[in-house]
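Residue numbers (this note's numbering): 969 to 1303.
Glycine included, C-beta positions come from ideal geometry on N, C-alpha and C.
This one's a predicted model, so the numbers in the text were calculated from it and none came from an experiment.
Right, dumping it as structure tokens:
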């Protein structure tokens, strides 16, 4: 496709299957919990949600953290007045899809955002593919941040952001999965796809997933680091490569041994779960038993009832995350 809008006209039909079942026939809480599990099995502990913040769901008992303080607009094509959302954000990070495509329509969005006064350290551009050298300099001068989505970009547009040029210019670049229908199955898959492009090495990708992401979304509480006094958001994976970054990019969701969010276990391998007294496995991730926070069996039953197996099978997570009949995981996780 030449740009986001051509793709959306061709593929986005929420009134037709399978999107109708997935978006309209299922409860929003179940959809958001399913999305949380997608991120949790990759070891993601904080997620930026490109939609309104759902207070009744995103509370401290949600499996992962969700960015609370942000403003957002989908894109210039679907929101003719993004400056209103920007202004109402009162200094919070402002997230918008921009320059998503390879043609002049996509490229023109950077100049339009600049004309509106929407480039700057508050602004996070998702995609930023169709950039000229002048555009990259302007992003760097203004302090605008970028979310790189290589899997989705290459699948939809045959091209992705010029990450080396962005980094050389001094632009903060983070990594994202984009929409489920176009992005990689999990964040770990997206990270490997990023490495496969040859546009960033393992250390740069680890930075994108940790300190760069915290900087882009104004998380100044120590998230993205392992340090005294920082939040205890921790991912434990096998040490199988010469560096932590290389081990991360070698890991599959099945390899994740422990995820802590605010110091509380949200996912654990059977051995770790037994050591922590969390109870037996209640799920399989890529066929490997795990103990997941919450009730994955109940969630799968509700989704199957409301959306149907055919619609759910359209997404990779349905086959990756299977449930085992076991008591819901509470207890120590919420102490």
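Mind checking whether residue i and residue j have CB atoms under 8 Å apart?
i            : j            : result
residue 1201 : residue 1229 : yes
residue 1078 : residue 1234 : no
residue 1219 : residue 989  : no
residue 1151 : residue 1120 : yes
residue 1071 : residue 1098 : yes
residue 1090 : residue 1061 : yes
residue 1176 : residue 1142 : yes
residue 1100 : residue 1076 : no
residue 1213 : residue 1171 : yes
residue 1087 : residue 1106 : yes
residue 1192 : residue 1182 : yes
Taking only three categories from DSSP, how would you classify residue i?
i            : result
residue 1073 : helix
residue 1278 : helix
residue 1291 : strand
residue 1190 : coil
residue 1078 : helix
residue 1250 : coil
residue 1229 : strand
residue 1257 : strand
residue 1243 : helix
residue 1018 : coil
residue 1139 : coil
residue 978  : helix
residue 1003 : helix
residue 1034 : strand
residue 1111 : coil
residue 1084 : coil
residue 1133 : helix
residue 1099 : coil
What number of angstroms, rounded off, separates the C-alpha of residue i from the C-alpha of residue j?
i            : j            : result
residue 1022 : residue 1008 : 18 Å
residue 1303 : residue 1227 : Note that residue 1303 has pLDDT 40, beneath the 50 cutoff, so the model's placement of it is unreliable and the number below is only indicative. Those two C-alpha atoms are separated by around 16 Å.
residue 979  : residue 1198 : 42 Å
residue 1005 : residue 1291 : 12 Å
residue 1265 : residue 1253 : 13 Å
residue 1036 : residue 1027 : 10 Å
residue 1011 : residue 1066 : 27 Å
residue 1103 : residue 1132 : 14 Å
residue 1282 : residue 1164 : 25 Å
residue 982  : residue 1137 : 39 Å
residue 1046 : residue 1173 : 31 Å
residue 1280 : residue 1272 : 7 Å
residue 1304 : residue 1117 : This structure does not reach residue 1304, given that the chain is present from 969 up to 1303, and the question cannot be answered.
residue 1134 : residue 1239 : 42 Å
residue 1039 : residue 1188 : 17 Å
residue 1194 : residue 1014 : 15 Å
residue 1261 : residue 1140 : 33 Å
Provide the residue span of the beta strand (DSSP E) that contains residue i, from first to last.
i            : result
residue 1063 : 1062-1066
residue 1041 : 1039-1043
residue 1204 : 1202-1204
residue 1092 : 1091-1095
Compare the C-beta of residue i with all C-beta atoms of chain B and state if any pair is closer than 8 Å.
i            : result
residue 1280 : The chain inventory of the structure shown lacks chain B, comprising one protein chain alone.
List the endpoints of the continuous alpha helix (DSSP H) containing residue i.
i            : result
residue 1174 : 1170-1177
residue 1055 : 1050-1056
residue 1216 : 1212-1218
residue 1159 : 1155-1164
How about residue i: is its Cβ closer than 7 Å to a heavy atom in the ligand PLP?
i            : result
residue 1269 : The model on display carries no ligand, and the ligand PLP is accordingly not part of it.
For the region 1239-1252 and the region 1010-1027, state whether three or more C-beta atom pairs, one from each stretch, are separated by less than 8 Å.
-> no
If you pair each beta-carbon of the region 1085-1095 with each one of the region 985-999, do three or more pairs fall below 8 Å?
-> Between the region 1085-1095 and the region 985-999 there are fewer than three C-beta pairs closer than 8 Å, too few to call the two in contact.
So, do the region 1205-1224 and the region 1156-1169 have three or more beta carbon pairs nearer to each other than 8 Å?
-> yes
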